[in-house]
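Student:
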Amino acid sequence: MRRRDDMGDDPGTGVGGWSERREGPSIKLIVAGLIVAMFIVFIAQNGARTHIRFLFLDGQYHLWTLLVVGAGLGFAAGWLVAGARGRRRLQRRAARND
1057 MRRRDDMGDD
1067 PGTGVGGWSE
1077 RREGPSIKLI
1087 VAGLIVAMFI
1097 VFIAQNGART
1107 HIRFLFLDGQ
1117 YHLWTLLVVG
1127 AGLGFAAGWL
1137 VAGARGRRRL
1147 QRRAARND
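Quick note, the sequence shown lines up with residues 1057 to 1154 if you use the working numbering.
1) Name the one or two DSSP bridge partners that Gln1116 has.
2) Could you give the first and the last residue of the continuous alpha helix (DSSP H) run that contains Gly1089?
3) Once the 5 residues before and after Trp1120 are set aside, which same chain residues still bring their CB inside 7 Å of it?
4) Could you tell me the alpha carbon to alpha carbon distance between Ile1083 and Ala1093, rounded to whole angstroms?
5) What's the C-alpha gap between Arg1148 and Arg1141?
6) Please report how far the alpha carbon of Glu1124 lies from the alpha carbon of Arg1143, in whole angstroms.
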């Protein structure tokens, strides 16, 4: 379905005009739904308990919990390293421009 976009429409300059209007769920909503479905399947397939002994953690934990915590820690470490690398790059660029 197409509709007329009234904002910024100037007949003398040809700016504005028709814009495309989508109907139905957005791509972001579809991708989010797929991710949630995959997460539910992941939890269902990794529900077994396993014994862990690491520093102060000693006990039985669900496997999916350990995998999610490990993935979260890996994500946080990557984010911190990328942030530090970006800051250094900006500092070098600023030093070259001075």
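Backbone N, C-alpha and C define an ideal beta-carbon position, used for all residues, glycine too.
Tutor: Let me spell this out:
1) Note: Gln1116 sits in a beta bridge opposite His1107.
2) Its alpha helix (DSSP H) spans residues Ile1083 to Gln1101.
3) Hits under 7 Å: Phe1098, Ile1099, Asn1102 and Gly1103.
4) C-alpha separation (whole angstroms): 15 Å.
5) Cα-Cα distance, rounded: 11 Å.
6) Residue identity differs from the one stated: residue 1124 is Val in this sequence, not Glu. Near 28 Å, if we compare the C-alpha coordinates of Arg1143 and Val1124.
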